[in-house]
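In mature numbering (1 follows the signal peptide of the UniProt record, and there is no 0), the protein residues as written are -30 to -1, 1 to 104. A virtual CB, placed ideally from N, CA and C, is assigned to each residue, including glycine.
What follows is the structure, given as structure tokens:
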């Protein structure tokens, strides 16, 4: 039978282990590194399928992560210009592709034909305006 004192020591030990585990960095892998703050490259596989050709898996990069977003009460000038409707001012940024590079690939097709094409892959990522389109 576990005494009250032993139980409290076990609970204290478990709490300390849990607390220490949250302070010390854990190893990151390609699958989890994007979860840390910021905008990061994330490699993944894309299946390319063209009718009449053998499909292939190619490795490309995307951008994934978390960028800063915040709101604050609008200043008097903004309130005045908006007729009192723009009570809060918000700023948001999204994880986007800053630069790309080309990935060339070749598929073997019927009748000894080959299909060659190029697909874009992210080279660099950054937090920037959310409405930027490429």
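Local Cβ density within 10 Å of residue i, reported as buried at 16 or more and exposed below that
i	result
residue 31	buried
residue 10	buried
residue 53	exposed
residue 13	exposed
Host beta strand (DSSP E) of residue i (start-end)
i	result
residue 47	Looking at the DSSP string, residue 47 is not in any beta strand (DSSP E); the run it does join, the alpha helix (DSSP H), is 46 to 51.
residue 25	That residue, residue 25, is in no beta strand (DSSP E); it is neither H nor E in DSSP.
Proximity to residue i [Cα-Cα], best of the options
i	options	result
residue 76	14, 12, 18	18
residue 21	68, 51, 78	78
Short Cβ contact (8 Å threshold) for residue i with residue j
i	j	result
residue 95	residue 65	yes
residue 67	residue 33	yes
residue 56	residue 44	yes
residue 63	residue 98	yes
residue 89	residue 46	no
residue 93	residue 70	yes
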